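Residue numbers (the working numbering): 1200 to 1372. By construction, the Cβ of each residue, glycine as well, lies at the ideal position given by its N, Cα and C atoms. Owing to the predicted nature of the structure, the values given are computational and were not obtained by experimental measurement. Structure, as structure tokens:
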């Protein structure tokens, strides 16, 4: 067993554990932190597949920007904890389906163990950051700029919506 396969299994365990932790966490902040670790483990999967640009994008966009947005919404709405009791009778079918899918997945993997399978080239030339930047800033400059303006407008809108109005001296907002 080579190092890449060992690293894959460790990352798979981390990704599955953090996904389960995210779903079962009562604290929304802890759920968001589990999601960050999950995003980072997926980015490392991309590095194992020789796609450094996609891995960097995964960390920058999902683990960075999207998680800041999630935490911003959590703190803006003030929902740090999820109230309510978990009823086990409502979980019977989802757990049964998960077990069936797990058994089927293990069966399918067990069938393939020992078989040599060849995976063709994945076209890693577009995963090179310098080549991706060249294509992005030449062929796709207009969509890139439109996306930048759209994100700027969304950021300004979030700032305006989160800004608290100061009450006037008459006691009215």
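For residue 1248, no alpha helix (DSSP H) encloses it, and the DSSP letter there is neither H nor E.
In the displayed model, residue 1362 falls within coil according to three-state DSSP, outside both helix and strand. With fewer than 16 other Cβ atoms inside 10 Å of its own Cβ, residue 1268 counts as exposed.
The three-state secondary structure of residue 1201, taken from DSSP, is coil. The Cβ atoms of residue 1224 and residue 1230 lie closer than 9 Å to each other. The three-state reading of DSSP puts residue 1312 in coil, since its state is none of H, G, I, E or B. Counting other Cβ atoms within 10 Å of its Cβ, residue 1335 stays below 16 and is therefore classed as exposed.
For residue 1235, same chain residues with a beta-carbon under 8 Å away, outside a window of 5 residues either side, are 1262 and 1266 in chain order. Per the coordinates, the alpha-carbon of residue 1314 lies some 10 Å from the alpha-carbon of residue 1308. DSSP places residue 1334 inside the alpha helix (DSSP H), whose first and last residues are 1328 to 1337.
Taking all protein chains shown into account, residue 1332 has fewer than 16 neighbouring C-beta atoms within 10 Å of its C-beta and is therefore exposed.
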